[in-house]
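See structure below.
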């Protein structure tokens, strides 16, 4: 009997492959039968290059990651952590008007943090951090008009 190791929502599971049946309706929808019960499923995100699937089963979302010997080696070498880019500057991706600034000088920034809201073509665009850093200087104020490529925020 073969065993598969899966990590679901951060918890390691040892699931026996026997007794579980998956029927695919198409490339996104499936039905799992386990111990006589049926569970409807949908693939929300397929990132198999990372060994990761985001699945929705009976209206609950799960992050499922398959592990193996290579994953253990990569983790032991410290190569399983994504490389974080260090921020230097945030420049305006388009011309517009600064609606609000969500950070302060000296604030530490993580990936995904909201930095600034820029209005362009009657739409408000929240600019988020694509790396990590500490705010060194804020070059704009609310209601300032900026050109594409104009400096908005500097980071240490």
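In this note's numbering, the protein residues as written are 3 to 158. Cβ coordinates follow ideal geometry from the N, Cα and C atoms, glycine included.
Sheet register partners of residue 127 (DSSP bridge): Here the question's residue 127 lines up with position 125 in the chain shown. Under DSSP, the beta-bridge partners assigned to residue 127 are 120.
Alpha-carbon spacing of residue 88 relative to residue 110, whole angstroms: Numbered from 1 along the chain shown, position 86 holds the residue referred to as residue 88. Numbered from 1 along the chain shown, position 108 holds the residue referred to as residue 110. The straight-line gap from Cα to Cα measures roughly 11 Å.
Proximity winner among 102, 52, 126, 46, relative to residue 60 (alpha-carbon distances): As a position in the chain shown, residue 60 is number 58, starting the count at 1. Ranking the options by Cα distance to residue 60, first place goes to 46.
Cβ separation of residue 156 and residue 138, assumed to be a contact under 8 Å, to the nearest whole Å: Within the chain shown, numbered from 1, the residue matching residue 156 stands at position 154. Within the chain shown, numbered from 1, the residue matching residue 138 stands at position 136. Contact holds; Cβ gap of about 5 Å.
Option nearest residue 58 by Cα separation, candidates 49, 41, 68: As a working note, residue 58 is residue 56 in the chain shown. Answer by Cα proximity: 41.
Enclosing alpha helix (DSSP H) for residue 54 [first to last residue]: Residue numbering aside, residue 54 sits at position 52 when the chain shown is read from its first letter. Residue range 54-59 is occupied by the beta strand (DSSP E) that includes residue 54, with no alpha helix (DSSP H) assigned at that position.
Between the CA atoms of residue 154 and residue 141 - distance to the nearest angstrom: Indexing the chain shown from 1 puts residue 141 at position 139. Indexing the chain shown from 1 puts residue 154 at position 152. Spanning the two alpha carbons is a distance of roughly 5 Å.
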